[in-house]
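Just below is one structure, and these are the notes that go with it.
In UniProt numbering, the protein residues as written are 1 to 414.
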């Protein structure tokens, strides 16, 4: 996101001396992408950011993937994974892997406990807040996040999640987070940006819609001591399923020690309600709903919107085969017209794999005729490599979704 920002205390000239009131030098860290040939930021630390006093193994949540074979469309009931809510669960170590491949991993978590400080050294993270609210503390500053927020966290950003108690949240629910972990960087779509990086007039959102961190955030701002020893959980490449491993670093100081930073690389928040849907006289193809992209991964969202207004329009989607992609749809609000009667509901995920033509529930086309507005919210992930099933998917598959288009065979309730 090429959108320059400066926060806190930074020197007039980069890579020059920057001192505190006692004359002590701050330690400059250049955090940059693609071998420092792409976006970057400069962070100024009180302590040497490389300083660690211990390293130990972190057993990351189960990353085992199982092929989707025989190839089937699936309905995953995510609410079944945390039937008791999230007591004792945090938003980092409590994630349950749903789907994944070498480009992306999709997890789900219901959390009520504070997470440890954490950084993902494999790729950027995009976390969608389905329900609940939290404070996210990062070395760039903090965010208050809630229902409908996408939280974009660049690779190797140290941060932690502090869920708000369910009773304090407007939804009266614990934090429910849908976590998209890329093996690359997550950006706005290239088609929305000028060659210099500005979001263009036809983009369904603009820079004004992005919420930046409030900061700088220092140890004393959260009631901690700057000398407090801190553990940081790091997810990285290494031994284990999918080549993913974890390490816990111990720093002999509090990691919230950045007094200022500037640049174009930082976490930000975008709320799905600020996405302005692109509509037309006839049904618009999925790229009209795109909101983010990563390597071999596209993220779209479907929001409440006016639907097709040609006098002979069929508002629900046509049957389609995206021959290059697997399609994952997470249904988060409203009433998804195209799949009424299939068992899909709020908290459901559908997987429509490449090689399987999919589309509306039988009868949905006729029922949609004359509709002027759809009240539905969903997050879609398309991947260009086949997705395999994590332990979470195996635990919450309804086992009968492939029958949902079968016109002579009703889908039994469990």
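All residues carry an ideal CB built from backbone N, CA and C; glycine is no exception.
Sub-8 Å separation of residue i and residue j beta-carbons
i, j, result
"residue 151", "residue 127", "yes"
"residue 175", "residue 351", "no"
"residue 120", "residue 235", "yes"
"residue 28", "residue 4", "no"
"residue 315", "residue 245", "no"
"residue 87", "residue 132", "no"
"residue 211", "residue 143", "yes"
"residue 109", "residue 183", "no"
"residue 343", "residue 401", "yes"
"residue 280", "residue 308", "yes"
"residue 39", "residue 264", "yes"
"residue 99", "residue 62", "no"
"residue 204", "residue 277", "yes"
"residue 311", "residue 353", "no"
"residue 179", "residue 106", "yes"
Helix, strand or coil at residue i [DSSP, three-state]
i, result
"residue 324", "coil"
"residue 317", "coil"
"residue 339", "helix"
"residue 62", "coil"
"residue 414", "A caution first: residue 414 carries a pLDDT of 46, below 50, which makes its placement in the model too unreliable to give a value."
"residue 14", "coil"
"residue 155", "coil"
"residue 283", "coil"
"residue 387", "coil"
"residue 274", "helix"
"residue 396", "helix"
"residue 235", "strand"
"residue 251", "strand"
"residue 45", "strand"
"residue 164", "coil"
"residue 191", "helix"
"residue 289", "helix"
"residue 226", "coil"
"residue 54", "strand"
"residue 197", "coil"
"residue 369", "coil"
"residue 331", "strand"
"residue 221", "helix"
"residue 242", "helix"
Identity of the residue in the options nearest residue i by Cα
i, options, result
"residue 9", "30, 42, 230 and 34", "42"
"residue 298", "83, 34, 369 and 382", "382"
"residue 241", "343, 389 and 385", "389"
"residue 58", "228, 295, 143 and 233", "233"
"residue 251", "117, 122 and 391", "117"
"residue 82", "343, 111 and 367", "111"
"residue 224", "249, 253 and 247", "253"
"residue 268", "209, 46 and 62", "209"
"residue 48", "287, 226 and 384", "226"
"residue 296", "384, 378 and 367", "384"
"residue 366", "248, 318, 346 and 396", "318"
"residue 181", "130, 306, 92 and 280", "92"
"residue 301", "282, 309, 333 and 312", "333"
"residue 134", "26, 160 and 265", "160"
"residue 34", "138, 122, 196 and 387", "122"
"residue 271", "71, 377, 98 and 282", "377"
"residue 229", "243, 238, 248 and 237", "248"
"residue 185", "173, 206, 172 and 153", "153"
"residue 348", "18, 11 and 74", "74"
"residue 157", "173, 138 and 145", "138"
"residue 7", "32, 285, 286 and 262", "262"
"residue 68", "394, 147, 375 and 405", "394"
"residue 89", "114, 65 and 146", "114"
"residue 55", "231, 239, 368 and 322", "231"
"residue 392", "52, 72, 95 and 30", "95"
"residue 80", "124, 375, 200 and 398", "398"
"residue 237", "357, 155 and 406", "155"
"residue 328", "85, 72, 196 and 195", "72"
Beta-bridge pairing of residue i - partner residues as DSSP gives them
i, result
"residue 122", "Looking at the DSSP assignment, residue 122 forms no beta bridge with any residue, so it has no partner."
"residue 301", "379"
"residue 128", "150 and 178"
"residue 134", "145 and 163"
"residue 105", "100 and 181"
"residue 117", "232"
"residue 32", "40"
*Is there contact here, the region 254-270 with the region 213-223, by at least three beta-carbon pairs under 8 Å?*
yes
*May I ask you to verify whether the region 187-198 touches the region 280-292, counting CB pairs closer than 8 Å and requiring at least 3?*
yes
*Are there three or more Cβ pairs, one per stretch, closer than 8 Å when the region 328-339 is compared with the region 361-370?*
yes
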